[in-house]
Every structure is written in C-alpha cells, then in structure tokens.
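Student: Mind having a look at this structure? Questions to follow.
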Amino acid sequence: MTNVEASTTTGNGKHARYRISNFSQVILYKLYEKHIDSDDYIKLTPREIKEMFNNTVSTNLVRSSIELLRTRGYRGLVNRHGTAEKGYSFSINERGIIAVENDLRRTNTLIFYYHLHGDDALEEVAGLGTVFLTQEEREEAEDWAPLPIDRTEEAYQETIESIEKGIEAIEQDNGFAVAHPSERQGILDTLRSGLQWLKERSPSKEIIFSTIVRPFQRVSAIFGSSIVGEIAKETAKRVADYVASFF
Numbered sequence: 234m235t236n237v238e239a240s241t242t243t244g245n246g247k248h249a250r251y252r253i254s255n256f257s258q259v260i261l262y263k264l265y266e267k268h269i270d271s272d273d274y275i276k277l278t279p280r281e282i283k284e285m286f287n288n289t290v291s292t293n294l295v296r297s298s299i300e301l302l303r304t305r306g307y308r309g310l311v312n313r314h315g316t317a318e319k320g321y322s323f324s325i326n327e328r329g330i331i332a333v334e335n336d337l338r339r340t341n342t343l344i345f346y347y348h349l350h351g352d353d354a355l356e357e358v359a360g361l362g363t364v365f366l367t368q369e370e371r372e373e374a375e376d377w378a379p380l381p382i383d384r385t386e387e388a389y390q391e392t393i394e395s396i397e398k399g400i401e402a403i404e405q406d407n408g409f410a411v412a413h414p415s416e417r418q419g420i421l422d423t424l425r426s427g428l429q430w431l432k433e434r435s436p437s438k439e440i441i442f443s444t445i446v447r448p449f450q451r452v453s454a455i456f457g458s459s460i461v462g463e464i465a466k467e468t469a470k471r472v473a474d475y476v477a478s479f480f
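Per our numbering, residue 234 is the first one in the sequence shown, and the count goes up by one each step.
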C-alpha cells in the first residue's frame with residue numbers, strides 16, 4: 234500500500250508516516266463535518282483543509298489524499314472546483330456524505346473511531362502501525378466474508394429461480410453444445426457448484442461472482458443478443474444486484 238510523508242515531526246527530526254488511504258478517510262470525515270455544520274456551500278483548498286488539523290501535516294499529504302478520494306476506486310467522494318492556474322478547491326459530494334454516514338453507523342470503522350477521538354487518534358487510525366484496514370484491504374476482506382443469507386426472503390428465492398432458469402437455458406442450447414462442448418461443460422459444472430453453495434452453504438461475494446456471475450457473463454459474451462445470451466446477461470445482473478444488497 235502507498236504511504237505518504239506527513240509533516241508531524243518526530244523526536245529524531247523526521248516526519249511521521251501515514252497510510253494515505255486511511256488519511257484520506259480522515260479528510261473525508263473533516264469535509265463531512267464542515268459541510269453539515271455550515272449553512273453555506275463549503276469549498277476548501279488543500280491549505281485550508283490542512284489547517285483543520287490540530288496536528289501539523291503537509292499540504293502535499295492533504296493534496297494527495299484528496300486526489301485519492303476523487304479516483305474511481307473511491308467512487309469519486311469529493312468534487313474539485315476551479316482551475317490549475319487559479320488553484321483548486323474541494324467539496325464533499327452526496328456519495329461522500331453517504332459513505333461517512335454509513336461508517337458512522339458501524340462501530341468498528343476508522344471514521345467512527347476518529348469521530349469519537351479526533352486528532353488525538355490520528356496516529357492510531359492512519360499511522361503505519363494502525364489496526365484499521367485501508368479501503369482496499371477492507372473491501373478484499375468483505376469480498377471473502379460469508380454473506381448473511383436469509384433463505385426465506387423473496388429476493389433470495391427469486392435469485393435462485395433465475396439461476397435455475399439460466400442453467401436450463403444453457404443446457405437446452407444446442408449451438409453451445411456443438412460449438413463449445415468443453416467450455417459449456419465447464420461452465421455448467423461451475424454454475425451447478427455455485428447454485429449448491431447458494432442453496433446449502435454460506436458463500437461469500439467472491440465465491441458467488443466466481444461460480445455464478447462470471448460464468449453467466451461469459452455465456453452472454455459468447456452469444457450476445459441471442460436468447461441464451463440475453464438470459465445469461467439478465468441472470469448475471471440479477472445475481473450481482475442481489476449480492477450488492479448486502480453492502
């Protein structure tokens with residue numbers, strides 16, 4: 234993971250190091266706090282954001298962290314305003330507000346802990362030795378965590394029905410059997426295994442995507458707008474939407 238040098242001075246004259254992913258979450262919370270405490274539309278420069286910290290941090294650290302929040306991997310949680318010539322300012326957007334609110338509802342998150350303890354906890358939440366996962370690490374862990382599936386829910390039952398119909402469509406498609414016999418068998422075996430996981434065990438997001446969503450996407454890519462291709466495409470989307478409902 235990427236680490237960025239901050240201007241907090243240690244006893245040996247060197248600067249403290251922070252994990253940029255974690256530090257960016259602290260900045261997101263500060264932008265959120267500033268936004269909800271004001272009646273005005275808040276746009277702040279990196280230097281103004283730096284001044285919101287009791288700790289001394291570098292403008293470069295702040296600037297890099299904000300740019301990270303603007304990337305697609307972080308779902309573009311802040312907006313940028315202005316020009317390079319006149320200087321940029323930044324504001325939290327609706328996605329950023331929702332992300333902070335979601336983390337404030339979970340007591341094991343970095344943002345919740347920082348909300349309680351403020352800048353005194355900066356080293357704990359963003360230092361190199363922090364116990365808090367970066368967003369990338371957290372998402373990877375969540376991908377492999379068993380989903381709390383309720384098999385009595387209508388959404389679950391509709392998902393199972395959709396998968397079974399998708400498998401049946403592949404089984405009955407003679408063109409697939411003739412043109413891609415080995416791949417067809419491998420896809421069917423994988424789909425049946427995934428369906429069994431979903432019916433009888435507690436699969437993770439990654440298991441469902443590997444054994445159900447991606448095989449249906451492969452069939453869709455092969456057959457395009459044909460009947461079996463459209464069924465596979467719709468099934469992959471339905472299963473992906475069902476998994477997304479857990480996050």
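Built from N, CA and C at the ideal position, the CB exists for glycine as well.
Taking the beta strand (DSSP E) that Asn293 falls in, what are its first and last residues?
Tutor: Run containing Asn293: none in the beta strand (DSSP E); it sits in the alpha helix (DSSP H), 292-303.
Student: Locate the alpha helix (DSSP H) running through Thr340, then write down its first and last residues.
Tutor: Per DSSP, Thr340 belongs to no alpha helix (DSSP H) and is neither H nor E.
Student: Would Ile325 and Leu424 be called neighbours here (beta carbons separated by less than 7 Å)?
Tutor: Contact flag unset, no.
Student: Out of Met285, Tyr475, Lys466, which has the shortest C-alpha to C-alpha gap to Thr392?
Tutor: Of Met285, Tyr475, Lys466, the residue nearest in Cα terms is Tyr475.
Student: Compute the Euclidean distance between the alpha carbons of Ser435 and Gln429, then round it to the nearest angstrom.
Tutor: The straight-line gap from Cα to Cα measures roughly 10 Å.
Student: Tell me the rounded alpha-carbon separation between Arg250 and Ser443.
Tutor: Distance between the alpha carbons of Arg250 and Ser443 is about 37 Å.
Student: Within 10 angstroms of its Cβ, does Asn255 collect 16 or more other Cβ (buried), or is it exposed?
Tutor: Buried, because 16 or more other Cβ atoms sit within 10 Å of the Cβ of Asn255.
Student: Using the rule of at least 16 other Cβ atoms within 10 Å of the residue's Cβ for burial, across every protein chain shown, is Ile253 buried or exposed?
Tutor: Buried is the call here.
Student: Among Asp273, Lys438, Glu463, Ser437, which has the Cα closest to the Cα of Phe449?
Tutor: That would be Glu463, whose Cα lies nearest to the Cα of Phe449.
Student: Write down the C-beta distance between Ser322 and Thr292 rounded to the nearest angstrom, noting that I regard them as a contact closer than 8 Å.
Tutor: Going by Cβ atoms, the distance from Ser322 to Thr292 rounds to 13 Å, so no, they are not a contact pair.
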